[in-house]
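Comments concern the structure below.
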Amino acid sequence: VSLEITRPKEVLDLLLDSSLTEAVTNHPAHKQAIVQPGFQQFLGVIRYLEVQLDTDWKAGLKDLTGGGVAAAITTKGVVLVMIDAKDAKLLAKLWDIISGFAKNDPANRVTSTEYRGVTCWEFGDGRSHAIVGNRFISANKPEGLKAVLDLRAGSESDSLLALPAYRTAKQAVGGQAAASAFVNLAVLKQHPGVQAAIHKNTNPMAALLFGGLIDAVRQSNWLALALKTDGQALTLETTMDGKQTGKSELAAFARAEKPGEGILPNLEVPRRIAAMSFYRDLHGFYAAKDKLFPERTSGLIFFENMMGIFFSGRDLTDEVLSQFRPEIRFVVAEQKYDAEIGVPQIQVPAFALVLKVFHPKEAGELMEEAFQKAIGLVSFTSGQKGVPGLIVDRPTHADVRYTVAYSGRIRGEAKGPVSMRYNFRPSLAKVGDYVAISSTDGLVCDLIDALKKEVATSPKPKSEVNSLVEVDGTQLSSVLAANRNALVRQNMTEKGTSKREAETTIDVLLGVVKLVGNVTLSLGEQADKVQARLTVKPNP
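Going by our numbering, the first residue of the sequence shown is number 1407, and it counts up by one from there.
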């Protein structure tokens, strides 16, 4: 594994001089942290170095790392770190201070040796350090530092550049990355633990969501990471050389083979927290279950039995899942509660699954039957507990008739915050060749509007992407803020903290989520290579 920060200024500007940094330093939790004794001691060391080096810490850090940073881990357990300073004199002055402190510490046994004309220092912990010009070199083992100096002297040992996989990975990263990393998967996959992780396939949900990615890791010899900055936005790209193939059961169901097929754009609804779009052939996936999961788990057997009840004994693979097209979408949105009903003590976001079907009438009736059976089962179990069951209604929204099941009020129920069950009003709607199953009727109505627009515009699918996830940090922080008191109580109960400590922890969480802004994650194939892209756009 290797890591290179080739444009440290871009990274440091984002960490030290951005609106994100300003928001963090202005946060009450940060102000509380800096008055703690340990932090004050750390600040004292920083101030001492600022005086001795005649610079402020931000400028000093940029001067000390401005030439770039590189780190690597070898198969022999050697960990190397190399830092190129813009100011060689500042680096030498800092090293004199550090080595001076080390020599005066009785716990350290400081020694120095000469190797290939370079002074190598050891502080008694096994680590070796050296300064060559403006470069600081550190290794956790003396032989690691010697290997670096051997390469510098022009020995016949191979450097990382001699590895074809590394050169190909660097080319895939391109020249725009502020930082990049390389992982030699061919070597890493020889580790027994890694082999077990990528070949053991017992979780159907994980296989469904990440099957194509797991298959790509199996086939790849290298993995490259690239960190790119664009103003306040951060993008992390992951590329592997293993091409997904339709012949593999772990990849075929997650890849569009026909022209014009692919994921659909995420659906836009009011107060949206998250949206997900996938290309997953459910029929192809479940048809290969015997190969994917040769040892049936109890969870899988239970799932099949339950589906047999809901779908009246129809064959799950050929009669049920064959109805659905591979375009699958999820939506999560903050709820808008009815004032006449009340606001639940714990506010759960609304969520929905949107499926595209081959035969709308047949699939609609199939899903309606299963939906009403599920509602009946919930009502039956609720009655056993003395809780009102669900009442089914068939209202209309935008000329679309949908099904909704809602909970009745308990006789004598107190006013104020209502039970958590009022977060849920399960709903089912059919719009064109789409079926939407939602936890609330409010969200299903919003989806009816969104789907009617989509039917009218016929958006173009994206064949190069098979997974797309978008999260709105601002909207998510709004939901968390609405549940702040419940989160504080939970933190106090689980962690044993005081109320003040719990409030500080939760407020930090709320602040971080709000700062994150928008997050987008996509997975697909670009130029015959598997690529994942994570983009974070912080709030200004």
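Glycine included, C-beta positions come from ideal geometry on N, C-alpha and C.
Here the structure is a predicted model, which is why all the values come from computation and not from measurement.
- E1410 has its alpha-carbon roughly 16 Å from the corresponding atom of T1641.
- In the structure shown, A1694 adopts coil according to DSSP, grouped into three states.
- Per DSSP, reduced to three states, the secondary structure at Q1625 is helical.
- For V1871, the three-state secondary structure derived from DSSP is strand.
- With respect to the 9 Å criterion, K1547 and V1593 are not classified as neighbours on the basis of their beta carbons.
- For I1781, no beta strand (DSSP E) segment is defined; the enclosing uninterrupted segment is the alpha helix (DSSP H) at 1766-1790.
- Under DSSP, I1669 takes part in a beta bridge, and its partners are K1868.
- Annotation for L1849: A1739, A1756, A1758 place their beta carbon closer than 6 Å to its own, counting only its chain and skipping 5 residues before and after.
- Of the candidates F1764, K1606, S1626, the residue whose Cα lies closest to the Cα of K1697 is K1606.
- By the Cβ-count criterion, Q1577 is exposed, with fewer than 16 other Cβ atoms from all chains shown falling within 10 Å of its own Cβ.
- The alpha-carbon separation between E1663 and D1687 amounts to approximately 11 Å.
- DSSP places D1460 in the coil class of the three-state scheme, outside both helix and strand.
- Here I1543 is not near L1500, since their CB atoms are 9 Å or more apart.
- Taking C-beta separations shorter than 6 Å and ignoring five residues to either side along the sequence, the partners of S1565 in its chain run L1557, following chain order.
- Taking one beta carbon from each stretch, the region 1862-1880 and the region 1919-1928 have 3 or more pairs nearer than 8 Å; the two touch.
- Here Q1596 carries a coil assignment [DSSP, helix/strand/coil].
- Per the C-alpha coordinates, the member of P1946, G1581, K1868, K1943 positioned closest to E1931 is K1868.
- Each of E1549, G1450, R1522 was checked against the Cα of S1534, and the nearest Cα belongs to E1549.
- Burial state of N1432 is exposed, judged by a 10 Å Cβ sphere holding fewer than 16 other Cβ atoms.
- At least 9 Å separates the beta-carbon of T1645 from that of Q1447.
- For G1748 and D1847, the gap between their C-alpha atoms comes out near 16 Å.
- Assigned with DSSP and collapsed to three states, Q1753 falls in coil, not helix or strand.
- Put simply, the backbone Cα of E1710 is about 8 Å away from that of L1722.
- Shortest Cα-Cα distance from V1793 to any of Y1812, T1802, V1806, A1776 involves Y1812.
- The Cβ atoms of V1806 and A1835 sit closer than 9 Å to each other.
- In the three-state reduction of the DSSP assignment, Y1808 falls in the coil class.
- Uninterrupted beta strand (DSSP E) stretches at least 3 residues long and entirely within the region 1541-1603 occur at 1541-1545, 1585-1590, given in chain order.
- In the same chain as G1539, and ignoring 5 residues on each side of it, the C-beta atoms closer than 7 Å to its own belong to A1494, in chain order.
- By the CB criterion at 9 Å, I1479 and R1541 fall outside the cutoff.
- Within the DSSP secondary-structure output, Q1937 pairs in a beta bridge with T1645, G1930.
- Following the DSSP letters along the chain, one finds R1800 in no beta strand (DSSP E), marked with neither H nor E.
- Counting C-beta atoms within 10 angstroms of its own C-beta, E1733 has 16 or more neighbours from the protein chains shown and is therefore classed as buried.
- L1631 is positioned such that its CB atom lies closer than 9 Å to that of F1588.
- Note that the C-beta distance between E1416 and T1574 is not below 9 Å.
- In this structure, L1629 is the residue among L1629, P1676, Q1638 with its C-alpha nearest to the C-alpha of G1648.
- Between A1622 and F1699, the C-beta gap is not smaller than 9 Å, which leaves the two residues out of contact.
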